[in-house]
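Enquirer: Numbering (this note's numbering), first residue to last: 66 to 612.
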Ligand SMILES: [Ca+2]
């Protein structure tokens, strides 16, 4: 049988290349060519290093902007945070632009502001970065998430502006059909469907070897069913604003009901008995899926539908050539609608990932020789249509063309290690979206759909994702705290979270009965550990941010 050869990064016909925040742009960006130095991570591309060569993407950005970026401090990803902290403490960061990184709270940014390493960007963006400005206007949450307690923004992070970036529950439609079952809606439907999968042999091997609901990440993914109780336990970590008041959902009264639901699932076999086995990794969880033992699984998000490779991404379940379809071409993993709210007035929803990547951001240093050129360059590569087209497709006329219908067609193929495979540029390092860990980038619906095309994602899988876009909801993300408060919260919250994880595992497994008394004791212990203090500090920061 003829099997179409598709290389790892071969781009076929692409989606429309319009952006939702496009603005006009005047060039040249700088009156005469300028060099800006950059401290950044090396690329994750094992075949190429920024220390030795410059990808075509960066060369084409330079042609378009007149701004040469010289990465002079190029550090391996695994060493970056340590080297950054040491160099910053010693006052040894002398580049114009710097990548800073810490964790997703973003609290680390305040530390580099206080030490004077980086400068505020608000005025620079306002005057010289029309695309970033338009992007922030289109997605106000992006700016909000990156705003510090002083009301200013100091760094730009990669943006996830795609509605496909929601966490969701997937189900085997072919198993539903085989057992004559409907798509589950209520939590009770999910429970009954899981029991049917476990008892009625949908994989048809005559053995009761099927497992019920699982997640790729122990209890974490199963928290997603808490959405039925309006508990936001996954992407938001339990932090939830109701009428302006901050709450931690893990100690709400509804959490007790949800724990009882999960416990009943474990007891009756709707959740796999080893759901919290510490030796279970996303890898062996996925193996169970490929082996036809699983009919429902919580997966991080739909945008991965088009990503090749990577256990735990949705791609591996639906794409031709992925491990699931290779093993069982009849398997039909689709995204199910979120569980119906228990409260009839509640909102049915899936939560999106944070629109702003907060754990790694890019800033202009106080030593920068030309902050205006630096913000213009960031504006160009991050948010302008021309810069994004160079990142995604290369140089117009050379590596891609615009077709009359507005779509883009690539003129070159790429090798698995991201070199251009054919034509006059054969053998050159392309760069493209794989240098997304060197510069901030934007992932939007167009890019997600493009990737699905590249990976030949079947239409039924794309349709199942699209059906649920109406439920996609922006997450609430905690504000960045002032420096000292951030440190105090980190200390308190680490212990609280560890205790919560232990208790939830015990409650769900049935090791501790979920009586009112036991639940109250758990809540009281969390209170003694300082949750009210943590809530109070975040509430204050939230009130300030909302002013
Ligand atoms: Ca079976």
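Just so it is clear, CB atoms sit at the ideal spot from N, CA and C, and this is done for glycine as well.
Locate the alpha helix (DSSP H) running through residue 503, then write down its first and last residues.
Expert: No alpha helix (DSSP H) contains residue 503, which DSSP labels as neither H nor E.
Enquirer: Compute every distance between the C-beta of residue 269 and the non-hydrogen atoms of ligand 1, then say whether any falls below 8 Å.
Expert: yes
Enquirer: Over the uninterrupted alpha helix (DSSP H) stretch that includes residue 399, give me the two end residues.
Expert: Where residue 399 is concerned, there is no enclosing alpha helix (DSSP H), although the beta strand (DSSP E) it sits in stretches over 398-400.
Enquirer: Should residue 266 be counted as a contact of ligand 1 given a C-beta to heavy atom distance under 8 Å?
Expert: yes
Enquirer: Going by DSSP, which residues form a beta bridge with residue 292?
Expert: Per DSSP, none; premise fails for residue 292.
Enquirer: Quick one: give me the first and last residue of the beta strand (DSSP E) that residue 207 is part of.
Expert: Segment 205-211 is the alpha helix (DSSP H) holding residue 207; no beta strand (DSSP E) there.
Enquirer: Is residue 380 near residue 238, with beta carbons less than 9 Å apart?
Expert: no
Enquirer: What are the complete alpha helix (DSSP H) segments, minimum 4 residues, inside the segment 133-196?
Expert: 145-154, 173-179, 187-193
Enquirer: Under the three-state reduction of DSSP, which class applies to residue 312: helix, strand or coil?
Expert: strand
Enquirer: Under the three-state reduction of DSSP, which class applies to residue 112: helix, strand or coil?
Expert: coil
Enquirer: Going by beta carbon distance, what residues of the same chain come within less than 7 Å of residue 261, once the five residues before and after it are set aside?
Expert: 244, 246
Enquirer: Leaving out five residues on either side along the sequence, give the residues of the same chain with a beta carbon under 7 Å from the beta carbon of residue 604.
Expert: Excluding positions up to five away in sequence, the list reads 311.
Enquirer: Near residue 584, which residues of its chain fall below 6 Å by C-beta distance, leaving aside the five closest residues on each side in sequence?
Expert: 321
Enquirer: Throw me the rounded Cβ distance for the residue 211 and residue 555 pair, which I believe falls under 8 Å.
Expert: Rounded, the Cβ-Cβ distance is 19 Å, inconsistent with contact.
Enquirer: Candidates 249, 436, 202, 241: which alpha carbon is nearest residue 226's?
Expert: 202
Enquirer: If you measure from the CB of residue 106, is any heavy atom of ligand 1 nearer than 8 Å?
Expert: Outside the cutoff, so no.
Enquirer: With a floor of 4 residues, list each alpha helix (DSSP H) that falls wholly inside the segment 546-577, ordered by position along the chain.
Expert: 548-574
Enquirer: Less than 8 Å separating the Cβ of residue 337 from some heavy atom of ligand 1?
Expert: no
Enquirer: I'd like to know if the segment 264-274 and the segment 350-361 are in contact, where contact means that at least 3 CB-CB pairs between them fall below 8 Å.
Expert: Judged by Cβ distances under 8 Å, the segment 264-274 makes contact with the segment 350-361, as three or more pairs qualify.
Enquirer: Measure the Cβ-Cβ separation of residue 538 and residue 416 and say whether it is below 9 Å.
Expert: yes
Enquirer: Where does residue 481 land, buried or exposed, given buried means 16+ other C-beta within 10 angstroms?
Expert: Exposed: under 16 other Cβ atoms inside 10 Å.
Enquirer: Within 10 angstroms of the Cβ of residue 423, are there 16 or more other Cβ atoms? Answer buried if so, exposed if not.
Expert: Buried.
Enquirer: Is it true that the CB of residue 138 sits closer than 9 Å to the CB of residue 103?
Expert: yes
Enquirer: Can you grab the Cα-Cα spacing for the pair residue 151 / residue 106, in whole Å?
Expert: 15 Å
Enquirer: Please report the Cβ distance between residue 546 and residue 606, rounded to the nearest whole angstrom; I am assuming they are in contact, meaning their Cβ atoms lie under 8 Å.
Expert: With 8 Å as the limit, residue 546 and residue 606 qualify as a contact, their Cβ atoms being about 5 Å apart.
Enquirer: In whole angstroms, give me the CA-to-CA distance for residue 259 and residue 572.
Expert: 20 Å
Enquirer: Helix, strand or coil, according to DSSP, for residue 419 in the structure here?
Expert: Here residue 419 sits in coil by DSSP.
Enquirer: Please return the same chain residues whose Cβ sits closer than 6 Å to the Cβ of residue 536, not counting the five positions on each side in sequence.
Expert: 403, 413, 414, 415
Enquirer: Whole angstroms is fine: what's the gap from residue 129's alpha carbon to residue 447's?
Expert: 14 Å
Enquirer: For residue 594, which residues in the same chain have their Cβ closer than 8 Å to its Cβ, ignoring the five residues on either side in sequence?
Expert: If we look at residue 594 and ignore the five residues flanking it on each side, its Cβ neighbours are 557, 560, 561, 564.
Enquirer: Taking just the CA atoms, how far does residue 166 sit from residue 174?
Expert: 8 Å
Enquirer: Do residue 364 and residue 277 have their C-beta atoms within less than 9 Å of each other?
Expert: no
Enquirer: Can you give the Cα-Cα distance for residue 126 and residue 220, rounded to whole angstroms?
Expert: 20 Å
Enquirer: Which residue marks the beginning of the alpha helix (DSSP H) containing residue 100, and which one marks its end?
Expert: That residue, residue 100, is in no alpha helix (DSSP H); its beta strand (DSSP E) goes 99-106.
Enquirer: Pick helix, strand or coil for residue 455, following the three-state DSSP scheme.
Expert: In the structure shown, residue 455 sits in a helix (DSSP, three-state: H, G or I).
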